[in-house]
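Report on the following structure.
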Amino acid sequence: MSDPLVKVKNLKIGATVYPPGEKPHDIEIVHGVDFELEKGKVLGLIGESGAGKSTIGLSTLGYGRGGVEITGGEVWINGRDILKGGLGALRKLRGSEVTYVSQSAAASFNPAKKIMDQVTEAAIRHGKFSKSEAEKRAVDLFRQLSLPNPETIGNRYPHQVSGGQLQRCMTALALCPQPDLVVFDEPTTALDVTTQIDVLAAIKQAIAATGVAALYITHDLAVVAQVSDHIMVLRNGDMVEYGDTDQIINAPREEYTQALVSVRSITHEEKKPTPEPVLTVKGINARYRGTNFDVLKNVNVEVHPGQTLAVVGESGSGKSTLARVITGLLPPRDGKIEFAGRNLSADLKGRTREDLRELQMIYQMADVAMNPRQTVGTIIGRPLEFYFGMKGKAKRERIQELLDEIELGTGFIDRYPAELSGGQKQRVCIARALAAKPKLIICDEVTSALDPLVADGILKLLLNLQKVEDVAYLFITHDIATVRAIADSIAVMYQGKVVRYGPKSQVLSPPFDDYTDLLLSSVPEMRLGWLEEVIEHRRMESAGN
Amino acid sequence: MRIPLAALIGLILTAIYFLAAIFAPLIAPYGVAEVVGQVWEPSSADYLLGTDNIGRDLLSRMIYGGRTTIFIATAATILSFTTGAILGFLATVLGGWWDQLMSRFVDLLMSIPTLIFALVVLSVMPVTVPVLILVMGFLDSTRVYRLARAVAVDINVMDYVEAARLRGEGNRWVIFREILPNALSPLVAEMGMRFIFMVLFVSTLSFLGLGVQPPGADWGGIVKENADGIVYGIGAALYPAVAIATLAISVNLVADWVLNRTTSLKGGRG
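Protein chains in written order, with our numbering: chain G, 102 to 646; chain V, 9 to 278.
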């Protein structure tokens, strides 16, 4: 057997941190990782944020982002240790033997240059092809990646193609110089599910056709299962498990991997609708000021007390706008909102304090939903003070009660948001909403910014709280798996309209309309061969194309 | 906590200037308007910095002058910051027409050169210390308004401000509890700068004869009184210049340090 293409031995990566009020010091973020990669094979690197997966991926280009530095170990590519060659050798390597596809194509393309010039630049610079050869190759790649109008798409500017198309252009960019290895760094994470599946299929096909080896970095095990031959599970800079895809998915050995595989296994019994809904949205049409089209078109939904209505759809479907209309931030053009048996004023100013108290909201980004200059105690305590006039000891006791409810316990009351982890921040936001003793909480993508295991914990917490506090949720999400886990009824939104609405069991069982079918089938499933099956059976093109 | 060397130097110098200003009557060897010697005597054991153009002790005049200059500059800075910042935040929070009205009015004021505006106003008003403070404070508040509004607009669109509004909080809470704590660092840094501009401004006015009136002393006035001496090789006019320069640098060193401290506070915006 010949030498493998990539051989990484005992790779150690460090960085300097600057904690406030302390001396800067060095920490190690990757503690000795080994792997090998044969020609034409795909290795998936998977882990939560902070696991070091991107850092390891970039080390195969001899690159450390920000203050990150490779402190030890060897990275052999094509029989050379690239860490020993110096900058000149690295320059020859990057963009020629090893290339990189980043998460956000929109941020990586230069908006002032045509796509074709950027796709062919590296190949021409490295003298691999002449300009005409490179352009011919680029067109072939565009065709392979099933981009529309492969002959002419290169003449467009980056803003003239959709997000999914741009991500495929970036893949073409990486493949154009005929590299031996491509590093894919979360290439589909920022895309909608229905778009993700196209890009995923295109990448997989292009990898197969060009015979290139690839490192595929992602936090989504179901995605990586579709494209890779081997998977390496990482956690806090250590390797947890390494094996072929089949084994990792079907017979994970380590506890952590098992947790990752079984994530989203929450089940929730659907509750029957009550005669008296807590929130009724009737015939809402809404548009933003200064525009001339409706973002919401005749939307009718109901939320029942103590139950969850999930609103699902892709970006641009109007689901967050619906939340803004219900909270009164965007008064609708026409339509009515009834809440707890009374008519809600369309405008925030016209609402009573009682209306505001009983209708709370939790945001997607917990970091910016909390004032960084207020302590957890102030953040949770303010609604208590504002709505119930609580003060002093009674307030502090109630804050502690709420902290116990969100499973944080003592010692958090005087902390600032910056001292909390992502999941803890979201929990504090939940406590802030609960403090008002609301009847309905609008949850806007509350788990989207979190790692799968953390998101799972938040969903479980929300379900428990619903039982204890008898609060209703209007749960906005793009993630069908989340919906399955917690919803009682579901509204599917597409281009501002509710295309399917009803109890969960009914919405999620056939016969489906075309859009719901596309949405449901696009959610990656954790089994081999899923991608091919779906592509074959699709009835409708991706919405993002 | 360790204070960096630059900040320490700044702190010590600033403290010396402010203490000298506060305890001027105790420190100064002679009265401010007391004629004690010959014209422009060189420095001696009796008159540490020599005497001025009519034989008053220069050190005493410097100390009393510093008191006037620093007091006027401080009061005007406080005035300009409270009005500028509150109006700037208010414009952001109210938005719409109010914002337009206030911002265009401020643009109008800023289109007139500050010094000329001040000279015109002071030539028709009685030149007293309170009038000086009011004129300087309000003219300068236009600059603070612009900065405060620019900073607040960014903060006003954050989710936590929206959350406060959805809770039903009034403008007062939003301004003082949500926006102000997050806007403080850039404002404090600007405050150091603005204080120095105020020192220069009041010195300029006095130099032009429209600031502090004789026999009262301030640094600009001392420069003016002793400017003729430079022709004869007498350095009396240079002392206030050095005082202004060192005060400017030391206050800025302190402001920089405060800025560093507040931005890296736990819970800071990074």
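Even glycine gets a Cβ: it sits at the ideal position worked out from N, Cα and C.
For G/R269, the nearest beta carbon of chain V is not closer than 8 Å to its own beta carbon. Note on G/L563: 16 or more other CB atoms within 10 angstroms of its CB, so buried under the neighbour-count rule. Judged by beta-carbon spacing, G/A206 lies beyond the 8 Å limit of G/C277, meaning their Cβ atoms are not closer than that value.
Cβ neighbours of G/V402 within its own chain (closer than 7 Å, five residues either side excluded): V382, L410, A592, V599, Y602. If you ignore the 5 residues before and after G/R244, its C-beta comes within less than 7 Å of the C-beta of P251, all in its own chain and listed in chain order. The three-state reading of DSSP puts G/E170 in strand, counting E and B together.
Looking from the CA of V/A225, the closest CA among V/A15, V/V40, V/T122 belongs to V/V40. Closer than 8 Å to the CB of G/N250 there is not a single CB belonging to chain V. Residue burial is scored here from C-beta neighbours: G/V169 has at least 16 other C-beta atoms within 10 angstroms and is therefore classed as buried.
Excluding residues up to 5 positions away in sequence, G145, I147, V325, G344, T346, I349 lie with their Cβ nearer than 7 Å to the Cβ of G/I332 in the same chain. Residue-level contact by beta carbon holds for G/T428 and chain V, with a gap shorter than 8 Å. For G/S549 against G/D580, the beta-carbon gap comes to about 7 Å, under 8 Å, which counts as contact.
The contact set of G/M471 on chain V, defined by CB atoms closer than 7 Å, consists of Y168 in chain order. In this structure, V/L174 is the residue among V/L174, V/L140, V/R69 with its C-alpha nearest to the C-alpha of G/G451. Per DSSP, the unbroken beta strand (DSSP E) holding G/Y602 starts and ends at 598–604. Residue environment: G/A213 is assigned as exposed (fewer than 16 neighbouring CB atoms within 10 Å of its CB, all protein chains considered).
From the listed residues G/L509, G/G510, G/G482, G/I507, the smallest Cα separation to G/R497 is found for G/G482. The C-beta of V/A197 comes no closer than 8 Å to any C-beta of chain G.
Taking each of G/F576, G/R192, G/V202 in turn and checking the Cα distance to G/H405, the smallest one comes out for G/F576. Flagged as an interface residue toward chain V: G/F487, by a C-beta distance shorter than 8 Å. Every unbroken stretch of the alpha helix (DSSP H) spanning 4 or more residues and falling wholly within the region 489–562 of chain G is given here in chain order: 493–506, 523–536. Any Cβ of chain G closer than 8 Å to the Cβ of V/E49 would place that residue at the interface, and such an atom is absent.
Contact check for G/P473 and G/A519: beta-carbon distance about 6 Å, within the 8 Å limit, so the pair qualifies. Residues of chain V with a Cβ closer than 7 Å to the Cβ of G/R454 are, in chain order, G176.
With at least 16 other beta carbons inside 10 angstroms of its own, G/M471 counts as buried. Between G/Y574 and G/L521, the alpha-carbon positions lie close to 25 Å from each other. Scanning G/D545, G/A467, G/P249 for the CA closest to the CA of G/Y517 turns up G/A467. Residue pairing for G/G338: DSSP places it in no beta bridge. Residues of the region 407–437 of chain G with a C-beta atom less than 9 Å from some C-beta of chain V are T428, G429, L430, listed in chain order.
A contact between stretches requires three or more CB pairs, one per stretch, nearer than 8 Å, and the region 122–131 of chain V fails this requirement with the region 177–184 of chain V. Assigned with DSSP and collapsed to three states, G/V134 falls in strand.
Taking the C-beta atoms as reference points, G/G419 is found no nearer than 8 Å to G/L445. Under DSSP, G/I157 takes part in no beta bridge, so it has no partner.
In the same chain as G/V240, and ignoring 5 residues on each side of it, the C-beta atoms closer than 8 Å to its own belong to P251, E252, G255, in chain order.
The residue from G/K185, G/I178, G/G180 with its alpha-carbon nearest to that of G/T172 is G/K185. Between the alpha carbons of V/A171 and G/T392 lies a distance of about 25 Å.
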